[in-house]
Amino acid sequence: AVKVYKSLGFTRVVMGREASLKEIAEIKNAVPEMEIECFVHGAMCIAYAGRCLMSAYLNGRSAQEGFCSHTCRWDYDVLASLGENAKQIAESGNLVLREHKRPDEFFPVYEGENFTAVLSSKDLCMIDHLADLKNAGVDSLKIEGRMKSVYYVALITRAYRKAIDALEGKISQTEAEPFIEELYKVSHRPFATGFYYNKSDADVAVSGASDSPFELSAEFGNELSLQDENAILEKSALNKKIRNEKYNSLCPEAKAAADKRFAEHPDLNLPFAEKIAGFKMYNFESLNMITKSTELEIVSPDTVAQKILWGKDFVLVNPENGELYNWVCNGHPCVFYTKLKIQQGSLLRSKDPDYIEGKFRDSGR
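For the sequence shown, counting from 1, position 51 maps to 54 in the working numbering; every step adds exactly one.
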């Protein structure tokens, strides 16, 4: 098949996940000019690659079009008629699964010779086997990303980038290891090597999983030009002057009333940003609510995780009026004013207050 694609002018093939390293090496030896791309990390479908219709059947989101809703990982009840023993039930075809949010739909579960048809496979992870992939002739690595969060894709991609750099001698394994360890801090199920070495490991279904202690809080954009930064600071100074003039024009009774109101509602009288030596402004998009008490860390392509403190390392500025925020959430116009050098592609993460070690919250559908 690969020879046919080569004759048609194709230069790269993406291997099905059922291909073993031995088979990949044989293909590369037979058609060395063709680039080979392989899936190396992420959720594995319970079905034969490209043939699962479950997601499309249940909610119209076709896996073949890249919109799989991971129906195999939903919550199901196992139902059966009473009065039969376990083996008879399993072989009868009367055993069914019922998804929690679809009580009127049933999926038969059938046990046959040496198999039981149940759901939820392990996650694929080949980060410890990159040398074997390289030796087999793999040219490009593919990770799950289309239905994943920016945070997941960023940390997984960074981990593999550092692991590849270590394999190629650009950095040491010791330098790469902290980035690889971060891979285990995103939500995942038990890892396996899929079909690359043997089929028995890929055939195991699991019920356990690992949750993430962090959540993505914000994405950093580009550094603002000096002209744009000065424009925000000038706007801030002007609005501060206007506010002070209005306040000073009030009679003593009105000032007292204003002071009381501002004390009760501090967000109505936010301070204004001023020029701070050594600080730079960056575009900033908050994805979740961030307050002064939120535990924050910057993750970047070359920094595993850097803890930062609001007020010491940075402040958040409203670029429309120059005010300093006490908190932000998604939709608030915001720039990140900091003494830190923010690397392109950096993200801001926070400790998830609802995280409980050992407990998995399967919230993705």
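Backbone N, C-alpha and C define an ideal beta-carbon position, used for all residues, glycine too.
From a predicted model like this one, the values you see are computed outputs, not experimental measurements.
Legend entry - CA nearest to the CA of residue 290, picked from 145, 153 and 50: 153
Legend entry - DSSP-derived helix/strand/coil call for residue 247: helix
Legend entry - Length of the line joining the Cα atoms of residue 126 and residue 18: 17 angstroms
Legend entry - Contact the segment 166–180 vs the segment 57–65: 3+ CB pairs below 8 angstroms: no
Inset, instruction - Please go through the same chain and pick out, in chain order, the residues whose beta-carbon is closer than 6 angstroms to the beta-carbon of residue 70, but skip the five residues on each side of it. - result: 64
Inset, instruction - Spatial neighbours of residue 130 within its chain, please: CB distance less than 8 angstroms, with the 5 preceding and 5 following residues excluded, ordered by chain position. - result: 43, 44, 162, 163, 166, 183 and 186
Legend entry - C-alpha distance - residue 190 paired with residue 299, whole-angstrom precision: 19 angstroms
Inset, instruction - Decide yes or no for the touch test of the segment 229–239 against the segment 313–331: beta carbon pairs closer than 8 angstroms, at least 3 of them. - result: yes
Inset, instruction - List the DSSP bridge partners of residue 286. - result: 338
Inset, instruction - If I'm right that residue 47 touches residue 197 with Cβ under 8 angstroms, what's the distance once you round it to whole angstroms? - result: 6 angstroms
Legend entry - Distance CB(residue 181)-CB(residue 307) smaller than 8 angstroms: yes
Inset, instruction - Below 8 angstroms CB to CB, which residues in the same chain sit around residue 146 once its five sequence neighbours on both sides are set aside? - result: 42, 43, 44, 45, 156, 159, 160 and 163
Legend entry - Beta bridge counterpart(s) of residue 301 as assigned by DSSP: 309 and 351
Legend entry - Beta bridge counterpart(s) of residue 294 as assigned by DSSP: 330
Legend entry - Residue(s) in a DSSP beta bridge with residue 158: For residue 158, which the question treats as bridged, DSSP gives no partner whatsoever.
Inset, instruction - Just grab the DSSP bridge partners of residue 17 for me. - result: 40
Legend entry - alpha helix (DSSP H) segment containing residue 147, residue limits: From DSSP, residue 147 is part of no alpha helix (DSSP H); its letter is neither H nor E.
Inset, instruction - Determine contact between the segment 308–316 and the segment 247–258, defined as no fewer than three beta-carbon pairs at a distance below 8 angstroms. - result: no
Inset, instruction - Between the Cα of residue 226 and those of 98, 265 and 287, spot the shortest distance and give me the residue it belongs to. - result: 287
Inset, instruction - Evaluate contact between the segment 271–282 and the segment 128–144, counting only Cβ atoms and requiring at least three cross-stretch pairs below 8 angstroms. - result: no
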